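In the working numbering, the protein residues as written are 30 to 288.
Don't be surprised by glycine CBs; every beta carbon is placed ideally from N, CA and C.
All figures in this text were calculated on a predicted structure; none of them were measured in a lab.
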Amino acid sequence: MQNPRAETGDGLRPGNSGKLIEPVPMGDSTEPVPEIGLEAAYAAKTPSGNKTLYEDWAPTYESGFIEYMGYVYHRTVADLFVVHQGEVKGEVLDVGCGTGIVGVELRRLDIEPIDGIDISPAMLSNAAAKTNADGEAAYRHLIAADLMQPLDIADDTYSGVISAGTFTHGHVGPEAFDEMLRVARTGATFALGINAEHFVERGFDAKFASLVAAGVITEPDLIDIAIYEPDHAANVEGDHFDDRALVAIFRKLAGAAPV
Ligand SMILES: C[S@@+](CC[C@H](N)C(=O)[O-])C[C@H]1O[C@@H](n2cnc3c(N)ncnc32)[C@H](O)[C@@H]1O
30 MQNPRAETGD
40 GLRPGNSGKL
50 IEPVPMGDST
60 EPVPEIGLEA
70 AYAAKTPSGN
80 KTLYEDWAPT
90 YESGFIEYMG
100 YVYHRTVADL
110 FVVHQGEVKG
120 EVLDVGCGTG
130 IVGVELRRLD
140 IEPIDGIDIS
150 PAMLSNAAAK
160 TNADGEAAYR
170 HLIAADLMQP
180 LDIADDTYSG
190 VISAGTFTHG
200 HVGPEAFDEM
210 LRVARTGATF
220 ALGINAEHFV
230 ERGFDAKFAS
240 LVAAGVITEP
250 DLIDIAIYEP
260 DHAANVEGDH
270 FDDRALVAIF
280 RKLAGAAPV
């Protein structure tokens, strides 16, 4: 179904176009590990709970979590996206882009333009400060929006859709897929990291099966990866050092979405 909302040439609604949010100070890597962490993140239940959590977590998310845990998820998903992208180039949407570390990895791999979408303006502020090696902004547009709601983005806007860390406990479930598919072009490459436990709990299997049966997507390859660098994360506090994700790699086909 065509999205009736007015749009700009790049498929974004005027109100969202160019909505680059001002940077906020990043966390200092010498500061102690903050109390916000995975337990708090996994305890979030709703989009508004997530927004509140990440508004507070944004200043220390990278120093206190990414660096502390030896998170490598963003790098692996970006590498997998590029390997599977083939000849289908063009605009890429980073779903739940947070502070923009997936975008930095994609720019390292010469992927552009990249738009990022996230529910937390504070996380997006950090993403706005991310650059490539030449100092250019990593992201073309940053969009503050709830992935569980209809998106103000035109149909068929993106040639690629990528995500790391967003399809996890208490965060975003397969309900978001219909909108992600609507804004992707036929043939678009998807590389979506899904926490392995969340995959089972939230019924991603059933969603993929119905999309494949309806001819909306190709059969997904599910690639099992480590979220944290094992030798690093085994030496920090917490139970999550060996958590895993399934990266679903598939393409959008021309089939109609099941109702
Ligand atoms: C664990 S972080 C991952 C961020 C980034 N992709 C990375 O790999 O570091 C999860 C992100 O999902 C976002 N998020 C959670 N629920 C959301 C929702 N309903 N809509 C949009 N973004 C959401 C959070 O704000 C947060 O930035």
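Asked: Closer than 6 Å: H103 CB and nearest ligand 1 heavy atom; Found: yes
Asked: Cβ-based burial, V265 [other Cβ within 10 Å; buried from 16]; Found: exposed
Asked: Whether V245 touches L282 by CB criterion (7 Å); Found: yes
Asked: For A107, the first and last residue of its enclosing alpha helix (DSSP H); Found: Y102 to Q114
Asked: Contact under 7 Å by Cβ, L122 with V190; Found: yes
Asked: Beta carbon proximity, A205 to chain C, threshold 7 Å; Found: No chain C appears in the structure shown, which is made up of a single protein chain.
Asked: Beta-carbon proximity of A220 to I172, cut-off 7 Å; Found: no
Asked: With 16 other Cβ atoms within 10 Å as the buried cut-off, status of V201; Found: buried
Asked: V131 beta carbon less than 7 Å from that of A162; Found: no
Asked: Proximal residues to L180 (C-beta, below 7 Å), its chain only, five neighbours per side dropped; Found: A174, E208 and V212
Asked: Inter-stretch contact at 8 Å, needing at least 3 Cβ pairs: the region 250-263 / the region 93-113; Found: yes
Asked: Of the listed residues T218, F94 and F270, nearest to E116 (C-alpha basis); Found: T218
Asked: Rounded C-alpha distance that separates Y100 from V133; Found: 14 Å
Asked: V289 Cβ short of 6 Å to ligand 1 heavy atom set; Found: This structure gives no information on residue 289, because the portion of the chain shown stretches from 30 to 288.
Asked: Residue range of the alpha helix (DSSP H) that includes A242; Found: F233 to A242
Asked: Neighbour-count burial assignment, P259, 16 or more Cβ in a 10 Å radius; Found: exposed
Asked: For V213: DSSP bridge partner residues; Found: Here the sequence assigns Ala to residue 213, which means Val is not the residue at that position. Beta-bridge pairing links A213 to Y187.
Asked: Nearest-angstrom Cα separation, counted from T160 out to R137; Found: 10 Å
Asked: Whole-Å CB distance - S149 paired with A87, under 8 Å assumed; Found: 6 Å
Asked: Straight-line gap, G38 to D185 (C-alpha atoms, nearest Å); Found: With a pLDDT of 49 at G38, under the threshold of 50, the predicted position of this residue should be treated as unreliable, and no value is reported.
Asked: Residue environment, D234, which counts as buried when at least 16 other CB atoms sit within 10 Å; Found: exposed
Asked: Whole alpha helix (DSSP H) elements within the region 149-206, 4-residue minimum; Found: 150-157
Asked: Any non-hydrogen atom of ligand 1 closer than 6 Å to T89 Cβ; Found: no
Asked: Candidates D268, A69 and K80, of which the one nearest A151 by Cα; Found: K80
Asked: Buried or exposed by the 16-neighbour rule on C-beta atoms within 10 Å, applied to G145; Found: buried
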